[in-house]
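J.: Residue numbers (our numbering), protein chains in the order written: chain A, 7 to 417; chain B, 14 to 553.
Glycine included, each C-beta is placed from N, C-alpha and C at the ideal position.
Supplied in structure tokens, the structure appears directly below.
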């Protein structure tokens, strides 16, 4: 089976169309960044509190907002998590909405706000959000199995093991939300006496706090600074290596193409209002890797062809090289696109930002190697040759030899 | 030819077996669950995948500098009094902006040389004494910058040690407690599988300064009441302290005690502390003193039978009791403790005090259910992606597709084995690195295969097409791989911990790929070429 065979497309001849398309994408992206709403930075970068809450029913978003407004956190973002059927939401409170003490109490505030709008029976604790030590303490006090009363020194350890087993069932089997208190009888060791005490002290709320993330302002700024610094230095390292292996203009063209990809993808983040967090940084790094890989494959072929096709124009050599590697480019991008697509569809909410960046990035990355890096390199070398030709022509006139061809190949 | 091929295959098989052993360890049995347990103990999952807690703490190291200065001031005051050098005041003019200096004012001119020598003598060469220009008799005493840095580093190390002691007692498996690379004097605490943030913070932040000292007077009903007994001036060397019944924001009514400022025993004299149930059914903390502390305690209690002593915790009199007999090395703190608070207090007493206060810069708690979800969906997505890619390679390249799939599987095995060997932690960004690795591994195969096809189209014989295909594509593969590894090195050197995880898996995966996609795949091709009947076409 073969998709491409001896293609002969004049890619460089279409460079003005490419430039127009690139500029359009670029302008849309930059405009989205500058005028629409900027990339939505996750609290990793801005500082603040983010709570991931899972509900047993579709999340009552207006109720949640009402509860948060009551405690002055009405400006929080409430974002449904994709593919959860609306049952899972991310509540983010950025730092400017929190007082200094608010940072410490962020989670408790949000928890209280949820209880206040969803209702909580007086004097009962919530089994969906209880921790092992709390449940152990409760069991020790109620002592349904009579272990503590009989003075058994291992009583606490035994109740702790029981509490751990119960909450493991809740977290790992029921995904954090217990269906009913009675269902705990499935856990080995939960006797009717334990269940009876459980019914006295606990009830089942309709939500479960999946994760809490609190980032202080200093850390946010430090993380942002360090991530940007690492990426810029990595790009510089690649530029130097490519310049060393090929010619410096190849390195510059490759890095410009990668920059192009990153900026356009950033613009898409702004356009689609997807939150940027540290995982997305990892996606950008991956994207940089792919795009660079694509560009080098083309450049490598150009280098090889320069030796064989000594009499051709540089633009023909580059065109030929792109055509020769086209089959590989399309296959690799297609296959990677396939696996990233499965990540986007099935990878879960933590990987959502990552998969989005990758899905889009592979398309732009493939495009940029052909449409940005190669034409830029050719344009520069042609320009350099034109500038040098008058000088060389004079030299040729004197010595009577022709050097035009050699110069035209840029070597 | 055949012979080198044989040894190459032996080499590959040995590597595969070594890697498999690296991943699974030596399982205790041959059942699937035993292998799984063994694997879980070797491949560490990051907090984002298994749930747990991630904290970044700021240690306010200036506290430790101020404490040092306060001690110096006390020593200097006592010393100057002994030597008969007069002074008007010794104080830190701006303890927050300039924690490492204090000022002495009002030294008589005749004694100023004497004073400078005395300070240098007492405090050592780490301090400098300079007379303030234009203010005769006023001196600045300053701790050298290098000494301040050393003091701060010690405070950080001691904080880590203390927090480590306390966390260990919570029974968390494999906690990480180390300096955080990002900012100065920060501590990173990672507790996999533990999600009770409240308890951790309580145990970590408790200071628990324990002092036992003699009671000089009281109890009084209020601070004012006590002061009026002494006409407003407390006897030197004695301090007025509130009893434990006084809340932080009460009006000061309750019991107050006048105690000696010089404690007999402090928290550092404790050898052990344990919670115990008292005869009345409440909880208390029993402690044992070190030999040295025990001797001092015995001497003090022996000399003060019939008088009272006070157990002071964080500046509050926890208990004041009449000394009935000489006590050598056992003591007890009673009070209205619950089981939890008694065991926390015992824990904090055992683990020692924090030298400086701490605050929280970052907290993250990932519930076990979210971590499990991430693993499930991550594995599912990876499997679906892998099957799709492998299926395509088999259809598109037929026989050669098998090479590609084998090389890909082998690459993953080597990568996981590497992670197990170096005890690396697998996190979500790490998975991103693996995805890029897989992408580049597929790319290497595609490059080689496309090149072989191209050479065949140019009517090269099969064997030389394979040869040229590999050697030409290898140059490209090397360039792409080295470029990416160069960038990964920079990411590792300068990145945050998340970015580092990405860089590690990526580098390991790419190096493995040079081996699998080029060397292993070539060996398989060579075998196929050997078996190929004359005139038959290679399946690619």
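Measure how close the beta-carbons of residue 230 of chain A and residue 51 of chain A come, nearest whole angstrom, since I'm counting them as under 8 Å.
T.: By 1-based counting over the first chain, the position of residue 230 of chain A is 224. By 1-based counting over the first chain, the position of residue 51 of chain A is 45. Right, their Cβ atoms sit about 5 Å apart.
J.: So, does the CB of residue 292 of chain A fall closer than 8 Å to a CB anywhere in chain B?
T.: Working through the first chain from its first residue, we reach residue 292 of chain A at position 286. Yes, its Cβ sits closer than 8 Å to a Cβ of chain B.
J.: Just verifying my parser: in three-state terms, what is the DSSP assignment at residue 67 of chain B?
T.: The count along the second chain starts at 1 and reaches residue 67 of chain B at position 54. Three-state result, residue 67 of chain B: strand.
J.: Just how far apart, CA to CA, sit residue 264 of chain B and residue 239 of chain B?
T.: Within the second chain, residue 264 of chain B is the residue found at index 251, counting from 1. Within the second chain, residue 239 of chain B is the residue found at index 226, counting from 1. Unreliable placement is indicated for residue 264 of chain B, whose pLDDT of 47 sits below 50; the coordinate value is still reported in the next sentence. The alpha-carbon atoms of residue 264 of chain B and residue 239 of chain B are separated by roughly 15 Å.
J.: Inspect the beta-carbon positions of residue 57 of chain B and residue 377 of chain B and report whether they are closer than 8 Å.
T.: On the second chain, position 44 is the one that residue 57 of chain B refers to. On the second chain, position 364 is the one that residue 377 of chain B refers to. No.
J.: Could you tell me the distance, in whole angstroms, from the CA atom of residue 230 of chain B to the CA atom of residue 242 of chain B?
T.: As a first step, residue 230 of chain B is located in the second chain; it is residue number 217 there, counting from the start. As a first step, residue 242 of chain B is located in the second chain; it is residue number 229 there, counting from the start. For residue 230 of chain B and residue 242 of chain B, the distance between alpha carbons rounds to 10 Å.
J.: Suppose you measure from the CA of residue 95 of chain B to the CA of residue 276 of chain B; what does that come to, to the nearest Å?
T.: Residue mapping note: residue 95 of chain B aligns to position 82 of the second chain, counting from 1. Residue mapping note: residue 276 of chain B aligns to position 263 of the second chain, counting from 1. Roughly 22 Å between the two C-alpha positions.
J.: Hey, out of B:140, B:323 and B:64, whose CA is closest to residue 82 of chain B's CA?
T.: Mapped onto the second chain, residue 82 of chain B falls at position 69. Minimum Cα distance to residue 82 of chain B is reached at B:140.
J.: Using a C-beta cutoff of 8 Å, does residue 424 of chain A count as contacting chain B?
T.: Missing from the structure shown is residue 424 of chain A; chain A here goes from 7 to 417 and no further.
J.: Could you run through the stretch 15 to 29 of chain B and flag, in chain order, every residue whose CB is less than 7 Å away from some CB of chain A?
T.: Hits within the stretch: zero.
J.: If distances are taken between C-alpha atoms only, which option among B:142, B:183 and B:137 comes closest to residue 120 of chain B?
T.: Counting from one through the second chain, the residue named residue 120 of chain B turns up at place 107. It is B:142.
J.: Let's test the definition: count the other Cβ atoms within 10 Å of the Cβ of residue 389 of chain B and tell me whether it reaches 16, buried, or not, exposed.
T.: For this step, residue 389 of chain B is matched to residue 376 along the second chain. Burial call: exposed.
J.: Please name the residue, chosen from B:542, B:518 and B:489, that lies closest to residue 298 of chain A on a Cα-to-Cα basis.
T.: Position 292 of the first chain, counted from the start, is the residue given in the question as residue 298 of chain A. The shortest Cα separation from residue 298 of chain A among B:542, B:518 and B:489 belongs to B:489.
J.: Under 7 Å between beta-carbons, which chain B residues line up against residue 338 of chain A? List them in chain order, please.
T.: Translated into positions along the first chain, residue 338 of chain A becomes position 332. Per Cβ cutoff of 7 Å: 455, 456 and 459.
J.: Step through the CB atoms of chain B and report whether any lies within less than 8 Å of the CB of residue 296 of chain A.
T.: In the first chain, counting from the first residue as 1, residue 296 of chain A sits at position 290. Closer than 8 Å to some Cβ of chain B, the Cβ of residue 296 of chain A qualifies, so yes.
J.: At the 8 Å Cβ level, is residue 80 of chain A part of the contact set with chain B, yes or no?
T.: Looking up residue 80 of chain A in the first chain gives position 74. Not an interface residue.
J.: By DSSP, does residue 232 of chain B sit in helix, in strand, or in coil?
T.: Within the second chain, the letter at position 219 stands for residue 232 of chain B. Residue 232 of chain B falls in the strand class under three-state DSSP.
J.: Kindly indicate which residue of A:60, A:35 and A:48 has the alpha-carbon position closest to the one of residue 82 of chain A.
T.: Counting from 1 along the first chain, the entry for residue 82 of chain A is found at position 76. Measuring from the Cα of residue 82 of chain A, the nearest candidate turns out to be A:48.
J.: Where residue 347 of chain B and residue 430 of chain B are concerned, what is the direct C-alpha to C-alpha distance, given to the nearest angstrom?
T.: Position 334 of the second chain, counting from 1, holds the residue named residue 347 of chain B. Position 417 of the second chain, counting from 1, holds the residue named residue 430 of chain B. Rounded to whole angstroms, residue 347 of chain B to residue 430 of chain B spans 54 Å at the Cα level.
J.: Chain B beta carbons: is any one of them nearer than 8 Å to that of residue 68 of chain A?
T.: Walking along the first chain from the start, residue 68 of chain A turns up at place 62. Cβ-Cβ to chain B under 8 Å: no for residue 68 of chain A.
J.: Rounded to the nearest angstrom, what separates residue 319 of chain B and residue 189 of chain B at their Cα positions?
T.: Start at 1 with the first residue of the second chain, and residue 319 of chain B comes out as number 306. Start at 1 with the first residue of the second chain, and residue 189 of chain B comes out as number 176. Straight-line Cα distance between these residues: approximately 50 Å.
J.: Look at the Cβ atom of residue 165 of chain B, then the Cβ atom of residue 78 of chain B, and state whether they are nearer than 8 Å.
T.: Walking along the second chain from the start, residue 165 of chain B turns up at place 152. Walking along the second chain from the start, residue 78 of chain B turns up at place 65. In contact: residue 165 of chain B and residue 78 of chain B (Cβ atoms closer than 8 Å).
J.: Just to confirm the assignment, what range does the alpha helix (DSSP H) spanning residue 206 of chain A have?
T.: Translated into the one-based positions of the first chain, residue 206 of chain A becomes position 200. Per DSSP, residue 206 of chain A belongs to the alpha helix (DSSP H) from 198 to 207.
J.: Quick one: does residue 529 of chain B have its CB under 8 Å from some CB of chain A?
T.: Translated into the one-based positions of the second chain, residue 529 of chain B becomes position 516. Answer no: the Cβ-Cβ gap between residue 529 of chain B and chain A never drops below 8 Å.
J.: At what residue ranges does the stretch 491 to 539 of chain B contain a whole run of the alpha helix (DSSP H), taking only runs of 4 or more?
T.: Entirely contained in the stretch 491 to 539 of chain B, the alpha helix (DSSP H) runs reaching 4 residues are, in chain order, 510 to 526.
J.: Confirm, please, whether the CB-CB distance from residue 119 of chain A to residue 76 of chain A is below 8 Å.
T.: Start at 1 with the first residue of the first chain, and residue 76 of chain A comes out as number 70. Start at 1 with the first residue of the first chain, and residue 119 of chain A comes out as number 113. Yes.
J.: Would a check of beta-carbon distances place residue 26 of chain A closer than 8 Å to chain B?
T.: Numbered from 1 along the first chain, position 20 holds the residue referred to as residue 26 of chain A. Cβ-Cβ to chain B under 8 Å: no for residue 26 of chain A.
J.: Looking at chain A, is there any beta carbon in it that lies within less than 8 Å of the beta carbon of residue 205 of chain B?
T.: Here residue 205 of chain B refers to the residue found at position 192 of the second chain. Judged by the 8 Å Cβ criterion, residue 205 of chain B is not in contact with chain A.
J.: Who are the neighbours of residue 488 of chain B on chain A, taking C-beta pairs under 7 Å?
T.: By 1-based counting over the second chain, the position of residue 488 of chain B is 475. The contacting residues are 306.
J.: Please list the residues of the stretch 291 to 316 of chain B that have a C-beta atom closer than 9 Å to any C-beta atom in chain A, keeping them in chain order.
T.: Within the stretch 291 to 316 of chain B, no residue qualifies.
J.: Closer than 8 Å, CB to CB, is residue 228 of chain A near chain B or not?
T.: For the purposes of this step, residue 228 of chain A is taken as the residue at position 222 of the first chain. At least one chain B Cβ lies under 8 Å of residue 228 of chain A.
J.: Near residue 19 of chain B, which residues of its chain fall below 8 Å by C-beta distance, leaving aside the five closest residues on each side in sequence?
T.: Position 6 of the second chain, counted from the first residue, corresponds to residue 19 of chain B. If we look at residue 19 of chain B and ignore the five residues flanking it on each side, it has no Cβ neighbours.
J.: On the CB-based measure, 16 or more other CB atoms within 10 Å of its CB, does residue 41 of chain A come out buried or exposed?
T.: The residue given as residue 41 of chain A occupies position 35 in the first chain. By the neighbour-count rule (16 or more Cβ atoms within 10 Å), residue 41 of chain A is not buried but exposed.
J.: Could you tell me whether the stretch 303 to 316 of chain A touches the stretch 272 to 289 of chain A, where touching means 3 or more Cβ pairs closer than 8 Å?
T.: As far as the Cβ criterion goes, the stretch 303 to 316 of chain A does not touch the stretch 272 to 289 of chain A, which means the pair count is below three.
J.: On the CB-based measure, 16 or more other CB atoms within 10 Å of its CB, does residue 9 of chain A come out buried or exposed?
T.: Indexing the first chain from 1 puts residue 9 of chain A at position 3. With fewer than 16 Cβ atoms within 10 Å of its Cβ, residue 9 of chain A is classed as exposed.
J.: Taking just the CA atoms, how far does residue 541 of chain B sit from residue 548 of chain B?
T.: Translated into the one-based positions of the second chain, residue 548 of chain B becomes position 535. Translated into the one-based positions of the second chain, residue 541 of chain B becomes position 528. Near 13 Å, if we compare the C-alpha coordinates of residue 541 of chain B and residue 548 of chain B.
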